[in-house]
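Below: one structure, written as structure tokens.
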Amino acid sequence: MGLLCDLGKNINEETLDESRLIKVLREFLQEKRYFIVIDDIWDISVWKMIKCALPNNDVGHAIITTTRIFDVAEQAGGAYKLKPLSLNNSRKLLYRRIFGTENKYDNKGIEKCPNEELAEVSDRILKKCSGVPLAIITMASLLACKARNKIDWYEVYNSVGTGLENNLDVKNMRKILSFSYYELPCHLRTCLLYLSMFPEDFEIDKGRLIRMWIAEGFIKSEKQGKSLFEIGDSYFNVFINRSMVQPIHDSITCMVDGCRVHDMVLDLIRSLSSEENFVAVLSDMDSTSPSDTIRRLSLQNVKNSHIMAHATRSSLQHARSVVIFPSDFAQAPSLGSFQVLRVLDLCQCDLSQANSLKYLGNLYQLRYLRLYCMHISQLPEEIGNLQFLQTLDVRENTISWLPSGVVQLTNLMFLYIDGSTKVPNGIGNLTCLEQLSRLCIDGSTTNIVEELGQLAALRQLDIEFDEWNNKVLECLRMLQKIQKLYISVLHISVLDTWIAPRQIRDLRTIGSCWFSTLPAWVNPSLGFLHCRLESFTSMSS
Numbered sequence: 001m002g003l004l005c006d007l008g009k010n011i012n013e014e015t016l017d018e019s020r021l022i023k024v025l026r027e028f029l030q031e032k033r034y035f036i037v038i039d040d041i042w043d044i045s046v047w048k049m050i051k052c053a054l055p056n057n058d059v060g061h062a063i064i065t066t067t068r069i070f071d072v073a074e075q076a077g078g079a080y081k082l083k084p085l086s087l088n089n090s091r092k093l094l095y096r097r098i099f100g101t102e103n104k105y106d107n108k109g110i111e112k113c114p115n116e117e118l119a120e121v122s123d124r125i126l127k128k129c130s131g132v133p134l135a136i137i138t139m140a141s142l143l144a145c146k147a148r149n150k151i152d153w154y155e156v157y158n159s160v161g162t163g164l165e166n167n168l169d170v171k172n173m174r175k176i177l178s179f180s181y182y183e184l185p186c187h188l189r190t191c192l193l194y195l196s197m198f199p200e201d202f203e204i205d206k207g208r209l210i211r212m213w214i215a216e217g218f219i220k221s222e223k224q225g226k227s228l229f230e231i232g233d234s235y236f237n238v239f240i241n242r243s244m245v246q247p248i249h250d251s252i253t254c255m256v257d258g259c260r261v262h263d264m265v266l267d268l269i270r271s272l273s274s275e276e277n278f279v280a281v282l283s284d285m286d287s288t289s290p291s292d293t294i295r296r297l298s299l300q301n302v303k304n305s306h307i308m309a310h311a312t313r314s315s316l317q318h319a320r321s322v323v324i325f326p327s328d329f330a331q332a333p334s335l336g337s338f339q340v341l342r343v344l345d346l347c348q349c350d351l352s353q354a355n356s357l358k359y360l361g362n363l364y365q366l367r368y369l370r371l372y373c374m375h376i377s378q379l380p381e382e383i384g385n386l387q388f389l390q391t392l393d394v395r396e397n398t399i400s401w402l403p404s405g406v407v408q409l410t411n412l413m414f415l416y417i418d419g420s421t422k423v424p425n426g427i428g429n430l431t432c433l434e435q436l437s438r439l440c441i442d443g444s445t446t447n448i449v450e451e452l453g454q455l456a457a458l459r460q461l462d463i464e465f466d467e468w469n470n471k472v473l474e475c476l477r478m479l480q481k482i483q484k485l486y487i488s489v490l491h492i493s494v495l496d497t498w499i500a501p502r503q504i505r506d507l508r509t510i511g512s513c514w515f516s517t518l519p520a521w522v523n524p525s526l527g528f529l530h531c532r533l534e535s536f537t538s539m540s541s
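Using full-length UniProt numbering, the first residue of the sequence shown is number 1, and each one after it goes up by one.
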């Protein structure tokens, strides 16, 4: 399915089974030259199915597959084992990660350490890495946090363990990754273990992850004036800077807005998480054996009903987090099973056997509620009972109005709704709200504008108006903490009279609204500026 999308084919996933997908892809490629890379095949049967969709035509084609399983490589046409990096290339990777552009070469083109004092110890460290790029990158991230002296670097060298030279197998690679893990402060280790809630190769949205951390209580307020989300963002950046996760960049702003976890790192995290009974992962591919008490439950790629039944039978009364990812068979356990639940994240799963949302108002400890693309048309009025709720995300549903009980959620910090979902009167009570998207204000909800101005903690706002007027202008002037603002106005409007707060970093205007000239308040703190010229008047010299 993903391959067809990558090739630009429009498909309807609801009407295509595997055999039909194979036929469509084969017909699409039959008369074309193609070059396809298939990454990380884990099973021979999967390769055989994919192979059926790739025609052996006379036009010209090439297929590259990668796998960690030798038998799969043999079946796919012969194994080419990647050789480890040479010592010189290992040095290049290590030094550029640590010293940046300070690299030096001798007269034979051999890489030299920019700091001669560290040349010997760095070569010893590289010998332990055995030319494996992930090991070198992990070590570089560790060393970059240390002082540039032999004592500290030898401490790292001695801590990783002995016997790794010439034998960097999976066990020894884990030693290097484990050392990187145990170098973290305790609160960051906990945040890293939480990544085991997500499937392999999953693109983890940064905001979603940080909101989950906050709900679990992993993030503590450090200093006045800095929000929990901003502190969580700094935690996330530590993992990026230490190469413990791979960054994913926004296609427009090029800013990091997510991450992916390397397979070997995820294996380590899952192993540690299982040892500590931190997360129970249930899936068709690989399931950890849940203990009698499940603290956090992640249901991934579930296609067989017995997997879900296993989760339902297991003790869930102590579960703090439940996350269910989309699959062919994804049915939520009864919400009445939970007593201390803090995080509930459901996506495209069936609530019909769980008495729908009947028990939602009884989840008194709930901090995070995400019901994404669940085909629900309303929320129960009892949602107002969730006095600790911090995140409410009900996007991609058919909810016309949020229940009036929402305005009682005075601890709510993050509210995500569709533009077609209206909010009730009293939204001004949500004074802790930091992120609000997407609020649509039309003729029937104009009184909401004045209440919006009371949300002084707002840092991110995505809003749509019928027209730009003085009420809107006054409302935005009151939101002095806004950092990210998306404005959409249906009727033609010029925004020249508005002066943005100094903290604004991301401003996007959509629809029939614009500035007649580049505003004078545009300043260095604005991180991204995309201008579209509506008209251009030539000026004489």
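Note that CB positions come from ideal geometry on N, CA and C, so glycine has one too.
Fair warning: this is a prediction, and the values are worked out from it, not measured in the lab.
DSSP has residue 247 in a bridge; who is on the other side? 259
Buried or exposed, going by whether 16 or more other CB atoms sit within 10 Å of the CB of residue 333? buried
Could you give the distance in angstroms between the alpha-carbon of residue 457 and the alpha-carbon of residue 177? 39 Å
Compare the beta carbon distance of residue 425 and residue 387 with 9 Å and say whether it is the shorter of the two. no
From the DSSP output, read off the bridge partner residues of residue 391. 368, 414
Which of helix, strand or coil DSSP assigns to residue 154: helix
At least three beta-carbon pairs within less than 8 Å, the region 210-220 to the region 395-411: no
Residue 452 to residue 241 span [Cα, whole Å]: 37 Å
Just to confirm, are residue 346 and residue 371 a CB contact at a threshold of 9 Å? yes
Where residue 221 and residue 29 are concerned, what is the direct C-alpha to C-alpha distance, given to the nearest angstrom? 55 Å
If you run the structure through DSSP and keep just helix, strand and coil, what is residue 32? coil
Does DSSP put residue 445 in a helix, a strand or coil? helix
Between which residues of its own chain and residue 430 is the CB-CB distance below 6 Å, once the five residues before and five after are set aside? 412
Taking residue 343 as part of the beta strand (DSSP E), name the residues at either end of that continuous run. 343-347
Going by C-alpha to C-alpha distance, which of 227, 198, 87, 260 sits closest to residue 432? 227
Inter-residue spacing [alpha-carbon to alpha-carbon] between residue 130 and residue 234: 32 Å
To the nearest angstrom, how far is the alpha carbon of residue 338 from that of residue 385? 15 Å
Where DSSP assigns a beta bridge to residue 182, which residues make up the other side? According to DSSP, which records beta bridges pairwise, residue 182 is partnered with nothing at all.
State the Cα-Cα distance for the pair residue 127 and residue 160, rounded to the nearest angstrom. 12 Å
Spatial neighbours of residue 183 within its chain, please: CB distance less than 8 Å, with the 5 preceding and 5 following residues excluded, ordered by chain position. 142, 145
Suppose the cutoff is 7 Å on Cβ atoms and the five residues either side in sequence are ignored; what does the same chain contact list for residue 342 look like? 215, 216, 320, 321, 365, 366, 367, 368
Do you know offhand how far residue 61's Cα is from residue 32's? 8 Å
Let me know the alpha helix (DSSP H) ranges lying completely inside the region 464-505, each 4 residues or longer, listed in chain order. 470-478
Rounded C-beta distance between residue 325 and residue 199? I'm assuming under 8 Å. 6 Å
Alpha carbon of residue 117 to alpha carbon of residue 193, nearest angstrom: 36 Å
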